[in-house]
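Data first, discussion second: the structure below is written as structure tokens.
Number of protein chains: 2
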Amino acid sequence: MTRPAGDDAELFEPVEKQQRLFETVLGQLEKLIQDGRLTAGDRLPSERALSEMLHVSRPSVREALRVLDAMDIITVRTGVGSAGGTKISDKLGPTISRLMRLYMALGHFDLDDVLKTRRLLEEEAAREAATERTEEQLEGMDKLLAEMDGAVHDRERYLALDGKFHVAVALASGNPLLAHLMGSMRDAVTENLVKAHIDDQQWPTLAANAQQTHRSLVDALRAGDALAAAQYVGQHAGFYDDSRARA
Amino acid sequence: MTRPAGDDAELFEPVEKQQRLFETVLGQLEKLIQDGRLTAGDRLPSERALSEMLHVSRPSVREALRVLDAMDIITVRTGVGSAGGTKISDKLGPTISRLMRLYMALGHFDLDDVLKTRRLLEEEAAREAATERTEEQLEGMDKLLAEMDGAVHDRERYLALDGKFHVAVALASGNPLLAHLMGSMRDAVTENLVKAHIDDQQWPTLAANAQQTHRSLVDALRAGDALAAAQYVGQHAGFYDDSRARA
DNA sequence: AGCAGTCAGTTGGTCTGACCAGATAAGCTG
DNA sequence: CAGCTTATCTGGTCAGACCAACTGACTGCT
Chain A
1 MTRPAGDDAE LFEPVEKQQR LFETVLGQLE KLIQDGRLTA GDRLPSERAL
51 SEMLHVSRPS VREALRVLDA MDIITVRTGV GSAGGTKISD KLGPTISRLM
101 RLYMALGHFD LDDVLKTRRL LEEEAAREAA TERTEEQLEG MDKLLAEMDG
151 AVHDRERYLA LDGKFHVAVA LASGNPLLAH LMGSMRDAVT ENLVKAHIDD
201 QQWPTLAANA QQTHRSLVDA LRAGDALAAA QYVGQHAGFY DDSRARA
Chain B
1 MTRPAGDDAE LFEPVEKQQR LFETVLGQLE KLIQDGRLTA GDRLPSERAL
51 SEMLHVSRPS VREALRVLDA MDIITVRTGV GSAGGTKISD KLGPTISRLM
101 RLYMALGHFD LDDVLKTRRL LEEEAAREAA TERTEEQLEG MDKLLAEMDG
151 AVHDRERYLA LDGKFHVAVA LASGNPLLAH LMGSMRDAVT ENLVKAHIDD
201 QQWPTLAANA QQTHRSLVDA LRAGDALAAA QYVGQHAGFY DDSRARA
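Chains as they are written, first to last, in full-length UniProt numbering: chain A, 1 to 247; chain B, 1 to 247.
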């Protein structure tokens with residue numbers, strides 16, 4: 001291509017691609033995980049052993065581990081034996097939620113985008129859940145709702161349970177990714193919304209209304225009515241949106 | 001509540017909440033970002049200065065910075081002056097895509113979940129784009145398609161452009177979050193799919209078909225036909241799914 | 001005056017070696 | 001054999017040093 005400089009303004013991009021040592025270490029670890037040679041529960045060699053094997057210093061190893069640690073890919077504990085050392089984690093963590101919050105703060109995404117996207121995910125999850133949910137899951141939701149009934153007076157506690165309930169619904173879709181993304185966005189915006197824009201006066205009423213919608217939602221799921229389920233979720237989400245708009 | 005141990009098996013959870021020094025540092029930095037006291041482009045104090053201000057050693061500061069670095073929250077460069085030092089990044093990075101890949105490898109999500117969720121996001125983005133897209137964005141898509149026409153023989157290059165095209169469509173929705181999530185999932189699975197399960201024999205045909213669908217999609221967007229746009233996206237996604245099923 | 005070359009100073013990148021704290025397992029002692 | 005002690009392993013943290021990248025001011029030449 002002899003074509004001269006185009007319109008893209010991206011013909012030249014800064015080179016700066018010198019790989020730092022910790023990045024190399026991190027890359028090796030990530031590759032081992034992606035290739036399945038390190039799976040959930042496996043124990044990693046000690047930092048000292050790794051630094052010897054890789055011919056880098058312990059701080060370089062530590063910086064790589066720190067990154068995986070922060071992403072909830074590994075769990076790190078002092079001490080020897082079965083409990084100590086560094087292991088591949090077998091649980092999801094709040095990384096995505098943290099990322100969302102920071103990205104929002106940095107202006108990459110705005111609140112409306114997150115709300116809309118969460119709603120999309122949550123409605124889809126509800127639709128799927130209407131056909132995929134198990135009896136146990138429905139019972140779990142009932143129990144959560146009962147617990148929430150007794151917590152309408154305690155806002156913090158109610159909100160925590162509310163989050164759990166919605167995640168439970170999303171998990172009933174059989175798609176953990178959908179549930180996790182939805183939950184992450186929910187976490188990322190909850191404090192911005194309810195905690196900030198609803199005063200204690202209107203809270204009891206709103207909580208009561210929410211409980212009613214929650215019950216209708218579970219009913220729809222039990223009946224296998226995907227359309228109604230999605231509708232209740234949308235209505236519920238609208239409640240939060242309105243509370244924000246009113247502020 | 002005097003209720004005895006319930007069915008939750010989560011009544012007691014491991015405490016292990018001793019905060020490490022780097023976590024404290026990280027927490028402070030995250031708080032500054034979330035509170036908007038550090039915004040895109042701002043320069044952070046040097047590692048040495050930070051370690052002095054916070055009364056922790058430089059390695060502790062570095063570990064905290066490393067985490068933000070890995071999340072593409074900050075960019076780090078050696079040297080002094082306007083280009084050097086540590087700054088809050090003003091661009092999104094591939095963090096979510098990396099996370100997706102690792103979470104998939106660890107069994108938290110499976111390929112089907114990611115494909116389904118990506119499709120959901122992409123269809124919604126297309127729907128929105130049908131009404132929100134600008135003329136410039138449509139022209140950008142046209143240009144990308146033309147470039148792709150000339151790259152059907154070069155699989156790597158075509159796939160890169162293909163990714164760009166789909167992200168461009170999603171961005172036209174006006175919801176950057178939707179676009180970013182979609183792109184991240186796309187990146188996370190592309191190599192698993194196309195690169196692994198399509199041989200060079202069938203490639204040219206598939207690429208030609210894809211181009212046709214791409215053009216129909218842009219036509220639908222130009223016409224403002226949200227339904228058709230979503231349909232073409234779904235059809236396109238199905239093409240990848242099928243290629244996997246056939247393997 | 002203008003310019004090129006040089007050098008000092010700052011920043012992150014990396015290493016070494018050390019010590020602490022948590023946690024287990026081996027070993028000693030009564 | 002029970003129970004305490006100790007060795008030893010783990011990560012957590014630190015201090016201090018040197019290198020490499022980079023800028024900006026200084027210097028000296030033209």
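Cβ coordinates follow ideal geometry from the N, Cα and C atoms, glycine included.
On a predicted model such as this, the values are computed, not experimentally measured, just so you know.
(request) Using a Cβ cut-off of 8 Å (strictly closer), state whether B/Gln201 contacts chain A. (result) Judged by the 8 Å Cβ criterion, B/Gln201 is not in contact with chain A.
(request) Please list the partners that A/Ala40 has in chain B, where partner means a Cβ-to-Cβ separation under 7 Å. (result) Leu106 and Gly107
(message) Using only the alpha-carbon positions, how far apart do B/Glu23 and B/Ala70 sit?
(response) 15 Å
(message) Would B/Val233 and B/Glu122 qualify as a contact pair, given that the criterion is a beta-carbon distance under 8 Å?
(response) In contact: B/Val233 and B/Glu122 (Cβ atoms closer than 8 Å).
(message) Nearest by alpha-carbon distance to B/Ala188: which of B/Glu147, B/Thr95 and B/Thr131 is it?
(response) B/Thr95
(request) Determine, using beta carbons only, whether B/Phe22 comes closer than 8 Å to chain A. (result) yes
(message) Distance check for B/Leu144 and B/Lys164, CA to CA, integer angstroms please.
(response) 8 Å
(request) Return yes when the Cβ of B/Arg58 is within less than 8 Å of the Cβ of B/Thr86, no when it is not. (result) no
(request) Name, please, each residue of chain B whose Cβ falls closer than 8 Å to the Cβ of A/Gly36. (result) Ala105
(message) Quick check: is the beta carbon of A/Arg66 nearer than 8 Å to any beta carbon in chain B?
(response) yes
(message) What would DSSP say about B/Lys164, mapped onto helix, strand or coil?
(response) helix
(message) For the region 22-40 of chain B against the region 97-106 of chain A, do three or more pairs of beta-carbon atoms, one drawn from each stretch, fall closer than 8 Å, so that the two count as touching?
(response) In short, these stretches touch, since the Cβ pair count reaches three.
(message) Counting only beta-carbon separations shorter than 8 Å, does B/Val114 have a partner in chain A?
(response) yes
(message) Please tell me whether B/Gly224 and B/Thr134 are closer than 8 Å, where the distance is taken between their beta carbons.
(response) Judged by their CB atoms, B/Gly224 and B/Thr134 are not nearer to each other than the 8 Å cut-off.
(request) Go to A/Ile73, then tell me how far its beta strand (DSSP E) extends in each direction, as first and last residue. (result) Unbroken run through A/Ile73: none, as it is neither H nor E.
(request) Answer yes or no: do A/Ala160 and A/Met141 have a C-beta to C-beta separation smaller than 8 Å? (result) no
(request) Report the rounded CA-to-CA distance for B/Gly84 versus A/Arg62, giving the unit in angstroms. (result) 24 Å
(message) Just to confirm before moving on: does the CB-CB distance between B/Gly41 and B/Asp72 stay below 8 Å?
(response) No; because the gap between Cβ atoms is not below 8 Å, this pair is not in contact.
(request) Report buried or exposed for A/Ala247, applying the criterion of at least 16 other Cβ atoms within 10 angstroms of its Cβ. (result) Here the model assigns A/Ala247 a pLDDT of 47, short of 50, so the residue's position is not dependable and the matter cannot be decided.
(message) Which runs of the beta strand (DSSP E) at least 3 residues long sit entirely within the region 82-147 of chain A? Give them in chain order.
(response) 85-88
(request) With 7 Å as the C-beta to C-beta threshold (strictly closer), list the residues of the region 205-235 of chain B near chain A in chain order. (result) none
(message) Does the contact criterion of 3 or more C-beta pairs under 8 Å hold for the region 148-160 of chain B versus the region 198-206 of chain B?
(response) Cβ pair count under 8 Å is three or more, so yes.
(message) Taking the straight line between their C-alpha atoms, what separation do you get for residue 261 of chain B and B/Met182?
(response) Because chain B in this structure spans residues 1 to 247, residue 261 of chain B falls outside the shown range and cannot be described.
(message) Whole angstroms are fine: how far does the CA of B/Val194 sit from the CA of B/Ala237?
(response) 12 Å
(request) Could you say which of B/His214, B/Arg77, B/Glu191 and B/Met148 lies nearest to A/Arg20 if we only look at CA atoms? (result) B/Arg77
(request) Round the Cβ separation of B/Met148 and B/Gln212 to the nearest angstrom and send it over; I've been treating them as touching at under 8 Å. (result) That belief does not hold up - the Cβ atoms of B/Met148 and B/Gln212 are roughly 12 Å apart, past 8 Å.
(request) Spell out whether any CB of chain A is found under 8 Å from the CB atom of B/Ala70. (result) yes
(message) What does DSSP give as the partner residue(s) for B/Arg43 in the beta ladder?
(response) B/Lys87
(message) Beta-carbon within less than 6 Å of B/Phe109's beta-carbon, same chain only, minus the 5 sequence neighbours each way: which residues are those?
(response) Tyr103
(message) Using the three-state DSSP reduction, which class does B/Thr190 fall into: helix, strand or coil?
(response) helix
(message) Taking 7 Å as the limit between beta carbons, can you name the residues of its chain near B/Ser173, skipping five residues before and five after?
(response) If the five residues before and after B/Ser173 are omitted, its C-beta is found closer than 7 Å to the C-beta atoms of Ala125, Glu128, Ala129, Glu132 and Ala179, all from its own chain and listed in chain order.
(request) Taking only beta carbons into account, state which residues of the region 154-183 of chain A come closer than 9 Å to chain B, listed in chain order. (result) Look at the region 154-183 of chain A: the residues with a C-beta under 9 Å from a C-beta of chain B are Gly174, Asn175, Pro176, Leu177, Leu178, His180 and Leu181.
(request) Identify the contact partners of A/Glu30 in chain B, using a Cβ-Cβ distance below 7 Å as the criterion. (result) Leu102
(message) Here's a check: name, in chain order, each residue in its chain whose Cβ is nearer than 6 Å to the Cβ of A/Val114, leaving out the five neighbours to either side.
(response) Met185 and Val189
(request) Compare the C-alpha of B/Ser51 against each of B/Ser216, B/Leu26 and B/Ala170 and name the closest. (result) Measuring from the Cα of B/Ser51, the nearest candidate turns out to be B/Leu26.
(message) What does the alpha-carbon distance come out to for the pair B/Met56 and B/Glu47?
(response) Rather than Met, the amino acid found at residue 56 of chain B in this sequence is Val. Cα-Cα distance, rounded: 10 Å.
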